[in-house]
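Residues 1 to 509 in UniProt numbering are what the sequence shown spells out, letter by letter. We treat Cβ as the ideally placed atom computed from N, Cα and C, and that holds for glycine. As the structure is a computational prediction, the values presented were derived from the model and not from experiment. Read through the structure below, which is laid out as structure tokens, and then see the notes.
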Amino acid sequence: MASWHSKQKVVNLIRHTFSTTDDSGMCAAVLPDAVGACKARYFQTSSKEDTEVAEEEDSPDVCLRRGHRRRSNTVKRLDALQQQRRLLVGTRVVQWQKPVEPPDPDAFPICSFEKINFRDVDSTTSHMILDDQHYKVNLFKEYLKFDESFSPQPCSRSMQIFLPMLQDESQRQVPLEITVSRHSKVRDLIGLVCYHYTANGFQPPLKKSVDDFALYVAEETGEIDYGLPARSPMESVSHFHFPCMAMAERSSDSNFRTKKIAHAIVHFDNGECLLIDVTSPSVPLRTIRDKATAEYFAKFSIEDHKRLNYKLEKFKEPGIELSLDATFAAVGCEELYCLRENSSRRQNRPDVGRPSFVSLYETSPVDYVFQVTVVKRLRLKCCAELHISPSVISVMPTKPIEKPNIGRLAIMARRVGVPLALERPITMPRRQVIQVRRSKLKEGSEIFKLRYQRQDKELTVDIRVDSISAENIAIAFSRCSVNCDLSRQAKRLALPWSSSRSNGSALRL
Numbered sequence: 001m002a003s004w005h006s007k008q009k010v011v012n013l014i015r016h017t018f019s020t021t022d023d024s025g026m027c028a029a030v031l032p033d034a035v036g037a038c039k040a041r042y043f044q045t046s047s048k049e050d051t052e053v054a055e056e057e058d059s060p061d062v063c064l065r066r067g068h069r070r071r072s073n074t075v076k077r078l079d080a081l082q083q084q085r086r087l088l089v090g091t092r093v094v095q096w097q098k099p100v101e102p103p104d105p106d107a108f109p110i111c112s113f114e115k116i117n118f119r120d121v122d123s124t125t126s127h128m129i130l131d132d133q134h135y136k137v138n139l140f141k142e143y144l145k146f147d148e149s150f151s152p153q154p155c156s157r158s159m160q161i162f163l164p165m166l167q168d169e170s171q172r173q174v175p176l177e178i179t180v181s182r183h184s185k186v187r188d189l190i191g192l193v194c195y196h197y198t199a200n201g202f203q204p205p206l207k208k209s210v211d212d213f214a215l216y217v218a219e220e221t222g223e224i225d226y227g228l229p230a231r232s233p234m235e236s237v238s239h240f241h242f243p244c245m246a247m248a249e250r251s252s253d254s255n256f257r258t259k260k261i262a263h264a265i266v267h268f269d270n271g272e273c274l275l276i277d278v279t280s281p282s283v284p285l286r287t288i289r290d291k292a293t294a295e296y297f298a299k300f301s302i303e304d305h306k307r308l309n310y311k312l313e314k315f316k317e318p319g320i321e322l323s324l325d326a327t328f329a330a331v332g333c334e335e336l337y338c339l340r341e342n343s344s345r346r347q348n349r350p351d352v353g354r355p356s357f358v359s360l361y362e363t364s365p366v367d368y369v370f371q372v373t374v375v376k377r378l379r380l381k382c383c384a385e386l387h388i389s390p391s392v393i394s395v396m397p398t399k400p401i402e403k404p405n406i407g408r409l410a411i412m413a414r415r416v417g418v419p420l421a422l423e424r425p426i427t428m429p430r431r432q433v434i435q436v437r438r439s440k441l442k443e444g445s446e447i448f449k450l451r452y453q454r455q456d457k458e459l460t461v462d463i464r465v466d467s468i469s470a471e472n473i474a475i476a477f478s479r480c481s482v483n484c485d486l487s488r489q490a491k492r493l494a495l496p497w498s499s500s501r502s503n504g505s506a507l508r509l
């Protein structure tokens with residue numbers, strides 16, 4: 001219930017309520033004066049003190065607020081209990097419906113189905129389905145994993161392959177573009193060419209075996225150069241850099257087939273690699289071993305009393321000795337490893353601080369080993385070990401020491417295929433060394449230039465070391481009877497202003 005302190009405000013509210021709620025207009029006629037006019041007249045007849053009181057009573061802070069009746073806590077609790085009871089009961093109101101009667105089987109008579117032979121339908125789709133069913137499976141699908149034409153890598157090899165066995169002469173002049181992995185063999189490349197040949201539907205169809213084909217060097221016009229031997233099936237594709245090749249069938253009647261000579265690659269412990277000619281697949285391994293050791297002894301001038309017995313192993317299977325009576329074809333591998341009997345490869349022994357090789361002859365007791373850096377043009381360099389002895393001088397590449405990245409992010413390797421300054425070991429007998437020249441590169445660094453002869457060619461190796469190691473290397477060369485010449489450092493020409501400054505005089509214009 002509201003309480004009013006101002007009587008005038010109550011009268012105004014009653015007048016205003018009657019005037020607004022009367023639809024007939026009688027209240028408006030009885031009360032012609034507006035609420036504001038009556039209010040003004042009231043303030044004019046009143047005194048000053050009543051006016052001040054009325055103004056305070058009629059302030060905007062005093063307003064009519066209608067009361068809101070809130071629900072009691074008891075009613076709220078009763079509503080909550082009723083809702084909880086409904087949830088606990090969990091009843092559902094289901095409307096009753098009459099059950100559906102099953103259909104009468106007599107209302108739907110059984111129709112007889114007629115069998116239609118769809119094979120008699122002659123359409124384009126049926127022909128395509130029949131052709132797809134009789135499609136011949138590509139027998140060379142296993143070689144598709146070597147194809148990198150859809151995702152070429154930086155180390156992939158792309159080449160053009162001519163196919164002289166095609167029936168259409170116009171197709172013989174168009175080479176087949178092949179992109180193959182660098183680590184694949186020639187046999188894998190031939191299988192990939194056979195796959196594309198079969199997939200394109202060329203005629204005549206190929207034979208089922210990859211061994212019936214060979215890879216030859218060809219000209220840009222497609223002509224095969226039979227003067228060069230066919231590439232070995234186990235040879236890596238990265239070894240040759242011919243842009244154009246040709247795949248031809250191996251024929252026993254061709255003259256090239258009768259003159260074909262296979263090759264055996266024999267590796268030694270000091271890093272030397274020899275290529276031995278094999279005239280027939282039935283040649284025993286003993287003959288290959290004797291040819292390889294004889295050529296190696298003659299190349300490095302090894303004395304007779306230091307020539308020992310040697311055995312052969314597969315290059316990729318260390319520790320498994322091959323029988324010397326077995327034939328070259330029975331081995332099924334062209335890369336062999338030659339080492340002394342009752343010994344194993346040096347690279348498998350955990351020996352720190354020594355070079356990763358064992359010489360085939362007894363090394364001299366005076367053997368000096370130095371850590372050097374081999375440099376070449378284009379700022380190529382690599383870490384290596386320099387071995388100096390009275391009989392032979394060797395330069396062996398070594399792997400750099402990897403420092404552990406503690407608390408750092410792993411650094412990604414640079415692009416694959418970056419050339420090194422020294423990729424294979426270099427071994428030169430002392431009699432083949434022509435000249436050793438020592439020169440000063442800069443403060444605290446010197447360089448040795450080794451000139452040696454290899455197969456009627458003069459080759460050079462540049463070795464960079466610090467000043468302290470340079471003195472020790474020079475002493476080692478002198479003890480091993482190797483002449484080491486010291487080149488004089490070139491003198492710089494005196495500049496015109498350098499002499500005037502040294503004399504204390506100034507240039508005058």
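Three-way DSSP call (helix, strand, coil) for residue i in this model
i: cysteine 194; result: helix
i: threonine 21; result: helix
i: cysteine 38; result: Summary for cysteine 38: the model assigns pLDDT 46, below 50, so the residue's position carries little reliability; its value from the coordinates is reported in the next sentence. If DSSP states are grouped into helix, strand and coil, cysteine 38 belongs with the helices.
i: glutamate 177; result: strand
i: serine 209; result: coil
i: glutamate 220; result: coil
i: leucine 336; result: strand
i: isoleucine 434; result: strand
i: leucine 88; result: helix
i: isoleucine 475; result: helix
i: arginine 464; result: strand
i: leucine 163; result: coil
i: serine 344; result: coil
i: serine 439; result: strand
i: leucine 380; result: coil
i: leucine 13; result: helix
i: glutamate 142; result: helix
i: leucine 228; result: coil
i: aspartate 456; result: coil
From the options, residue whose alpha carbon lies closest to that of residue i
i: cysteine 338; options: Phe300, Thr293 and Arg479; result: Thr293
i: aspartate 485; options: Lys440, Val465, Asp456 and Ser469; result: Lys440
i: isoleucine 447; options: Ala230, Glu295, Val465 and Glu458; result: Val465
i: histidine 239; options: His127, His183 and Leu450; result: His183
i: threonine 287; options: Ala326, Glu321, Ile302 and Asn270; result: Ala326
i: glutamate 443; options: Val193, Ala470, Leu312 and Val237; result: Ala470
i: alanine 214; options: Ala264, Phe162 and Ile265; result: Phe162
i: threonine 460; options: Met245, Lys449 and Val217; result: Lys449
i: lysine 207; options: Phe140, Leu189, Ser467 and Arg187; result: Phe140
i: isoleucine 426; options: Glu334, Val174, Ile302 and Gly271; result: Gly271
i: serine 280; options: Ala264, Tyr143, Phe268 and Asp269; result: Ala264
i: leucine 228; options: Ala246, Asp212, Asp211 and Met234; result: Ala246
i: methionine 396; options: Val372, Leu13, Asn309 and Gly191; result: Val372
i: aspartate 462; options: Gln171, Ser24, Val75 and Lys381; result: Lys381
i: arginine 424; options: Gln171, His267, Tyr310 and Arg187; result: His267
Beta bridge counterpart(s) of residue i as assigned by DSSP
i: alanine 262; result: Val278
i: glutamate 385; result: Gln371 and Met396
i: proline 429; result: Val392
i: arginine 157; result: Val180
i: threonine 327; result: Pro284
i: lysine 314; result: Glu317 and Leu336
i: residue 535; result: The first residue shown for the chain is 1 and the last is 509, placing residue 535 beyond what the model contains.
Delimiting residues of the alpha helix (DSSP H) encompassing residue i
i: arginine 172; result: 169-172
i: glutamate 295; result: 285-300
i: cysteine 27; result: 26-30
6 Å CB neighbourhood of residue i in its chain, flanking five on each side removed
i: lysine 7; result: none
i: threonine 179; result: Glu148, Ser149, Pro152, Ser156 and Ser158
i: aspartate 79; result: none
i: glutamate 220; result: Cys244
i: alanine 262; result: Val278
i: residue 516; result: Any property of residue 516 remains undetermined from this structure, which presents the chain solely from 1 to 509.
i: cysteine 333; result: Lys314
Residue range of the beta strand (DSSP E) that includes residue i
i: glutamine 97; result: It is not in any beta strand (DSSP E) - glutamine 97 carries neither H nor E in the DSSP assignment.
i: tyrosine 452; result: 445-453
i: methionine 247; result: 244-249
i: aspartate 485; result: 484-486
i: glutamate 317; result: 317-321
Residues of its chain near residue i, where Cβ-Cβ distance is below 7 Å and the 5 sequence neighbours each way are ignored
i: asparagine 138; result: Tyr195, Thr198 and Ala199
i: glutamine 203; result: Gln167
i: serine 181; result: Phe146, Glu148 and Ser156
i: arginine 307; result: Phe297
Cβ neighbours of residue i in the same chain (closer than 8 Å, five flanking residues each side left out)
i: proline 404; result: Confidence in proline 404 is poor, its pLDDT being 46 and thus under 50, which makes the residue's placement unreliable; the coordinate value appears in the next sentence. So the list is empty, once near-sequence residues are dropped.
i: serine 19; result: Cys27, Ala28 and Leu31
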